[in-house]
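Taken in order, these protein sequences are the chains called C and B. If you use the numbering used here, the first sequence corresponds to residues 122 to 562, in order. If you use the numbering used here, the second sequence corresponds to residues 91 to 315, in order.
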Amino acid sequence: MEATNGKTKAGDWQNFERILLPPIRDLHKLDVYEAEYDGYQAIQKVLKEWEPGEVVNEVKQANVRGRGGAAFNAGLKWSFMPPKGDRPRYLACNADESEPGTYKDRQLMEYNPHLMFEGILLANYAMQMDACYVYVRGEYVDWIDHMERELEKLYAKGYVGENIFGSDFSTDIILHKGAGAYICGEETSLMNSLEGKRGYPRIKPPFPAQKGLWGNPTTINNVETLAHVTLVMRHGADWFSGIGAPTHPGSTIYGISGHLNRPGVYEYPTGMLITDLIEKVCGGMRDGKKLKAVVPGGSSVPPLHADMIEGVTMDADSLREAGSMMGTGGMLVLNEDTDMVTYLRRVNHFYQHESCGQCTPCREGTGWLEAIVTRIDEGEGNLRDLDLLIDLCDQMEGRTICAFADAAAWPVRYTIERFREDFEAKCKPAVFDTGGVTISA
Amino acid sequence: MSEFDIKKPVVALPDMDPEPQIPEEDLFFTEEELERIEGFTEKYPTNRSAVMPALWLAQEKFGFLPPEVMKLVAEAIDIPYAQVYGAATFYTQYYKKQMGTYVLDVCCSFSCQACGSYDVLDYLEEKLGIHAGETTEDGRFTIQEVECLGSCGTAPMLQVTNGPYVHNLTEEKLDQLIDDLRNDKMPPFTSVTMPQDEDEMGGNRRSDVEHTDTYRTPPAPERWI
């Protein structure tokens, strides 16, 4: 297939030709992937003609920003790996997508798993890794079985294993099935889980590149990031950085859910207007209701008020300016019937349930956040509780080993700030029982 | 003098050595299973890493993971029991108590919440006469309220016993599902197409699956939480 998709900018999204999930029937099968999608050409070319370091530079130059949430330049992350020594080196592919509102990787693993496998091989060659562990969340059994079958074919054909494609480079891919823990999507927690321990995050430093899996140099990348690596190596860094938003190039898979006429997984360039996504792509709001809030990147990012989305585009920089984050690109859209207190109560319940319990501010804090918001939701709270919640957030953010506590505190802080009227409507006024004594100012 | 008495802890400590629930004659791994477990350990540099796949295998065989099964796993991969216990109790998909034959995991995280997952939960609770977290008397069904299952576009949805997903739930669909499960017919794997495929390819892009579903306009919830 020719790389027909030249320089699609977000404004020209109607003419965008999908690159991650192109409309090719049975693309998930190895023979179709090879025959109709130039499959495994990039890795063969790279093995013959490229030095590992050149691959790292190319990916760095393409500015592939991590699609797992942090939007960090993947090539730059790769360059943190120490030079090859005696120690084994590992890549971990993070397919533990459990962020509420996010379901893009599942679709990618179902429809185009070989793009991910090829990206893994490229990354393994670039960083001279001995093996890649793909950590898939335990709920995705059907998709794990399906990838297991495709991986067997790769081993049988000599694409993975000893001396891949007849070169002198050997590497393995191993699928690992999780067992239901949101925290295992955090990179250090994922490593502990792979080692067979409880999924407790580790203190950084030492960073994974120095001391990761089993104490050896490790890099962790998201499924979609690795899929993009294949495209970069196939078409070149310039081609890739010409697509989508200039500072956050490429296409991305938008998983859109909520009160819409046509929710679903869509692939479009980065930098799409949120209003376009809602009105033109997803067919507008369900039942013609008005928009109330947009949560642009999974439950941990601050929600945006309907007044705030005019002109905001889906890329890391625009969303940061607007007061939110790109996160995973899993977007939730809520209509005017939504009570933001109830919404926040459920989000807090999620964090309370999923906190690993290692650090006190998070373990106790998430429980109290839920308890206080529940109190407000049931009409028992008063206005002072809002300040109490913000105070609690202050005491959680940045005081724990991983960013989970921050992720739990942000929705609380910004939902209260941006939807204060919903909270005030449910709160009792802050009146003190003075036992009949009149207090005058 | 402190009033603290080590024999009467404030919080009840878990009983790590209770009465066995699996009869002793059934409590073993066959040669073939041991071989599979051996295969797991070969994939990782340390035996301890094989604990998760080994626990999955044990759960498939015994249905749940009481302490005696954890001990069996510990022996099979040659690591201390405490390490297996730690891992098994951390992850929610490992069942620590006996569950129904079919566990209905209803996703109630915020995308599903906004599309009526609590209505689904209410309907199931009424239909089966149990609350979330309980098992029916005949031991057939357990209902659980779970966190995001990663299928937010087809909300509300549920998963049957850590297995197939059932998307775009309606009352008719739930009735059908319960009837099927009463006859031991598991729901099939359903591939959800992309809306863009509907436009460009006329729907299904996989010729190897029998059942496909598409994204639909979700219902409005009656109960929010």
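Every residue gets a Cβ at the ideal spot worked out from N, C-alpha and C, and that includes glycine. Owing to the predicted nature of the structure, the values given are computational and were not obtained by experimental measurement.
Runs of alpha helix (DSSP H) with 4 or more residues, each lying fully within the region 244–307 of chain C, are found at 262–277, listed in chain order. If you keep only unbroken beta strand (DSSP E) runs of at least 3 residues inside the region 197–250 of chain C, you get 211–216. DSSP places Glu179(C) within a helical segment (H, G or I) once states are collapsed to three. Exclusion of the five residues before and after Leu211(B) leaves Val196, Cys198, Ala222, Ile233 and Glu235 as the residues of its chain whose Cβ lies within less than 8 Å of its Cβ.
No Cβ-Cβ contact shorter than 8 Å links Arg258(C) with Glu307(C). With 16 or more neighbouring CB atoms inside 10 Å of its own CB, Pro157(B) falls in the buried class. Ranked by Cα distance from Cys548(C), the first of Gly519(C), Glu518(C) and Asp498(C) is Asp498(C).
When the alpha-carbon of Lys318(C) is set against those of Thr131(B), Phe180(B) and Ala148(B), the nearest one is in Phe180(B). Contact with chain C is absent for Thr302(B), since none of that chain's Cβ atoms lies less than 8 Å from the residue's Cβ.
According to the DSSP secondary-structure assignment, Pro390(C) is paired through a beta bridge with Ser372(C).
At the C-beta level, Val180(C) and Ala163(C) stay beyond 8 Å of one another. Here Pro277(B) is not near Leu264(B), since their CB atoms are 8 Å or more apart. At a Cβ-Cβ threshold of 8 Å, Ala252(C) and Tyr303(C) do not count as neighbours.
In terms of Cα proximity to Thr283(B), the closest of Ile145(C), Val350(C) and Tyr464(C) is Ile145(C).
Between Glu220(C) and Ser420(C), the C-beta gap is smaller than 8 Å, which places the two residues in contact.
The C-beta of Val281(C) comes no closer than 8 Å to any C-beta of chain B.
Taking a 10 Å sphere around the C-beta of Phe118(B), we find fewer than 16 other C-beta atoms and assign the residue as exposed. Note on geometry: alpha-carbon atoms of Gly301(C) and Trp360(C) lie some 38 Å from one another. Put simply, the region 402–418 of chain C touches the region 373–383 of chain C. At least three CB pairs are less than 8 Å apart. Here the alpha carbons of Thr487(C) and His474(C) stand approximately 9 Å from one another.
For Asp287(B), the C-beta contacts it makes with chain C under 8 Å involve Pro144, in order along the chain. Residue-level contact by beta carbon fails for Lys187(B) and chain C, as no gap is shorter than 8 Å. In its chain, beyond the 5 residues on either side, Gly190 have a beta carbon closer than 6 Å to the beta carbon of Gly229(B).
For Lys133(B), the nearest CB of chain C lies under 8 Å from its own CB, placing it at the interface with that chain. Counting of Cβ neighbours within 10 angstroms places Glu491(C) among the buried residues, the total reaching 16 or more. Around the beta carbon of Tyr276(C), a 10 Å sphere encloses fewer than 16 other beta carbons of the protein chains shown; the residue is thus reported as exposed. Separation of Glu172(C) and Asn342(C) (C-alpha to C-alpha, rounded to the nearest whole angstrom) is 21 Å.
With a cutoff of 8 Å on beta-carbon distance, Val353(C) and Val167(C) are scored as not near each other. Secondary structure of Gln234(B) (DSSP, three-state): strand. Contact between the region 445–462 of chain C and the region 410–418 of chain C is established, with three or more Cβ pairs separated by less than 8 Å. Remark: fewer than three beta-carbon pairs, one from each stretch, lie closer than 8 Å, so the region 321–340 of chain C and the region 281–294 of chain C are not flagged as touching. Inside the region 101–162 of chain B, DSSP marks whole alpha helix (DSSP H) runs of 4 or more residues at positions 121–132 and 141–152, from first to last along the chain. Judged by DSSP in its simplified three-state form, Asn469(C) adopts helix. DSSP lists Thr232(B) as the bridge partner or partners of Thr225(B). Nearest to Leu218(B) by C-alpha distance, out of Asp269(B), Lys161(B), Gly253(B) and Pro170(B), is Asp269(B).
Interface residue (Cβ-Cβ distance to chain C less than 8 Å): Tyr192(B) is not classified as such.
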